[in-house]
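Enquirer:
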Amino acid sequence: MVRGNEAELERILGQRVRALRLLRNLPQTTLADMAGVSTETLRGLEGGHGTTVRTLLAVVRALGREEWLNALAADGVAASTLGEVCRTLVRQRARGVRRESSQ
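Okay, here's the thing in structure tokens:
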């Protein structure tokens, strides 16, 4: 179970969203478009600055992780796969798109 004050929980949640986005090699702009939110809103979420429940739902769904929402609603959830994603994070950025040389 995750314990802590609201600011700490927001920070952890933001890290976990960011970790999954990077594992999927998605730039912030792409995920924001997929979720129907602004890039600034997504940056705020990933930075642990809080968000609305609606934004969180949209981003989680865009990442294809509806089971996180089911876990929130379930009674007696022992461990979260959300934490596993955060612990496996190695990458810091999504890869850029390679552009072919025009020589």
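Sequential numbering of the sequence shown, starting at 1, is according to full-length UniProt numbering. Note that beta-carbon positions come from the ideal geometry of N, C-alpha and C, so glycine has one too.
Alpha carbon to alpha carbon, what distance is there between Leu42 and Val60?
Expert: Here residue 60 corresponds to residue number 60 of the sequence shown, with the count starting at 1. Here residue 42 corresponds to residue number 42 of the sequence shown, with the count starting at 1. Computed Cα separation, rounded: 11 Å.
Enquirer: Measure the CB-CB distance between Ala73 and Ala58 and report whether it falls below 8 Å.
Expert: Here residue 73 corresponds to residue number 73 of the sequence shown, with the count starting at 1. Here residue 58 corresponds to residue number 58 of the sequence shown, with the count starting at 1. Against a cut-off of 8 Å, the Cβ pair of Ala58 and Ala73 comes out as no contact.
Enquirer: From Thr55 to Val37, what distance separates their C-alpha atoms?
Expert: For the purposes of this step, residue 55 is identified with residue 55 of the sequence shown, where counting begins at 1. For the purposes of this step, residue 37 is identified with residue 37 of the sequence shown, where counting begins at 1. About 7 Å.
Enquirer: What are the start and end residues of the alpha helix (DSSP H) that includes Gly94?
Expert: Counted from its first residue, the sequence shown places residue 94 at position 94. First, the residue type needs correcting, since residue 94 is Ala and not Gly in the sequence shown. Ala94 -> no alpha helix (DSSP H), and no H or E assigned at all.
Enquirer: Roughly how many whole angstroms lie between the Cα atoms of Arg65 and Pro27?
Expert: Taking the first residue of the sequence shown as position 1, residue 65 is located at position 65. Taking the first residue of the sequence shown as position 1, residue 27 is located at position 27. Roughly 17 Å separates the two Cα atoms.
Enquirer: Assuming Thr29 contacts Thr39 under a Cβ cut-off of 8 Å, what Cβ separation, rounded to an integer in Å, is found between them?
Expert: The residue you call residue 29 lines up with position 29 of the sequence shown. The residue you call residue 39 lines up with position 39 of the sequence shown. Confirmed, about 5 Å.
Enquirer: Check whether the Cβ atoms of Glu46 and Gly96 sit closer than 8 Å, and answer yes or no.
Expert: Within the sequence shown, numbered from 1, the residue matching residue 46 stands at position 46. Within the sequence shown, numbered from 1, the residue matching residue 96 stands at position 96. Cβ atoms of Glu46 and Gly96: not closer than 8 Å.
Enquirer: Do Leu63 and Arg24 come within 8 Å of each other at the CB atom, strictly closer than that value?
Expert: The count along the sequence shown starts at 1 and reaches residue 24 at position 24. The count along the sequence shown starts at 1 and reaches residue 63 at position 63. Going by C-beta atoms, Arg24 is nearer than 8 Å to Leu63.
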